[in-house]
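Q:
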Ligand code: MN
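Numbering (this note's numbering), first residue to last: 1 to 134.
(1) Rounded to a whole number of angstroms, what is the C-alpha to C-alpha distance between residue 122 and residue 105?
(2) Do residue 32 and residue 47 come within 8 angstroms of each other at the CB atom, strictly closer than that value?
(3) Go ahead and pull the three-state DSSP assignment for residue 119.
(4) Taking only heavy atoms of the ligand MN into account, decide whether any of them is closer than 7 angstroms to the Cβ of residue 110.
(5) Rounded to a whole number of angstroms, what is the C-alpha to C-alpha distance between residue 78 and residue 100?
(6) Taking residue 116 as the reference, which of 73, 125, 70, 23 has the closest Cα?
(7) Assuming residue 84 and residue 60 form a contact by the criterion Cβ under 8 angstroms, report the distance between their Cβ atoms to the nearest whole angstrom.
(8) How is residue 107 classed by DSSP in three states: helix, strand or coil?
(9) Is any heavy atom of the ligand MN found at a distance shorter than 7 angstroms from the C-beta of residue 107?
(10) Beta-carbon distances below 6 angstroms to any heavy atom of the ligand MN define the shell here; list its residues in chain order, please.
(11) In three-state DSSP terms, what is residue 95?
(12) For the candidate residues 10, 58, 52, whose alpha-carbon lies nearest to that of residue 27?
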């Protein structure tokens, strides 16, 4: 799988999805690295496909995250806020360090594109499980 070269046009061909690591969500999900990056300010971008009811743990992104819903119905919550419903075409911005979770609604699959810049060798910080998502 080719890593993005910021100095030239790069095409990532379809069909290179991988299983998510264990321990970051209630079930593993398929995701595809679209842009990997690695250095401060580089973008990491993925497409993710979650089965119904699959949600992430609480987490934050050191430089924020754009999440754009491609299909299905999803849920998202910022710490202290209400659970928000998401559908295709919705775009969500999570600010730098803002603790949140997101995932598929109980009875719908959920696909999204997300972009999260790198900082200090990471683009996400994971916290505890979501106790009562809905
Ligand atoms: Mn996130």
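No residue lacks a Cβ here, since even glycine has one placed at the ideal position from N, Cα and C.
A: Taking the structure as given:
(1) In the chain shown, residue 122 corresponds to position 122, counting from 1. In the chain shown, residue 105 corresponds to position 105, counting from 1. Cα to Cα, the separation comes out at about 27 angstroms.
(2) Along the chain shown, read from residue 1 onward, the residue named residue 47 stands at position 47. Along the chain shown, read from residue 1 onward, the residue named residue 32 stands at position 32. Against a cut-off of 8 angstroms, the Cβ pair of residue 32 and residue 47 comes out as a contact.
(3) As a working mapping, residue 119 is identified with position 119 in the chain shown. Residue 119: strand per DSSP, three-state reduction.
(4) For this step, residue 110 is matched to residue 110 along the chain shown. It does not: the Cβ of residue 110 is nowhere closer than 7 angstroms to a heavy atom of the ligand MN.
(5) Numbered from 1 along the chain shown, position 78 holds the residue referred to as residue 78. Numbered from 1 along the chain shown, position 100 holds the residue referred to as residue 100. Rounded to whole angstroms, residue 78 to residue 100 spans 4 angstroms at the Cα level.
(6) Position 116 of the chain shown, counted from the first residue, corresponds to residue 116. Of 73, 125, 70, 23, the smallest CA-CA separation from residue 116 is found for 125.
(7) The residue given as residue 84 occupies position 84 in the chain shown. The residue given as residue 60 occupies position 60 in the chain shown. Their Cβ separation, rounded to whole angstroms, is 17 angstroms, which puts residue 84 and residue 60 out of contact at 8 angstroms.
(8) Position 107 of the chain shown holds residue 107. Residue state for residue 107 is assigned as coil, using DSSP reduced to three classes.
(9) The residue given as residue 107 occupies position 107 in the chain shown. Incorrect: residue 107 has no Cβ contact closer than 7 angstroms to the ligand MN.
(10) Any residue whose Cβ sits closer than 6 angstroms to a heavy atom of the ligand MN makes the list: 59, 61, 65, 94, 100, 102.
(11) The residue given as residue 95 occupies position 95 in the chain shown. Residue 95: coil per DSSP, three-state reduction.
(12) Numbered from its first residue, the chain shown carries residue 27 at position 27. It is 52 whose Cα lies nearest to the Cα of residue 27.
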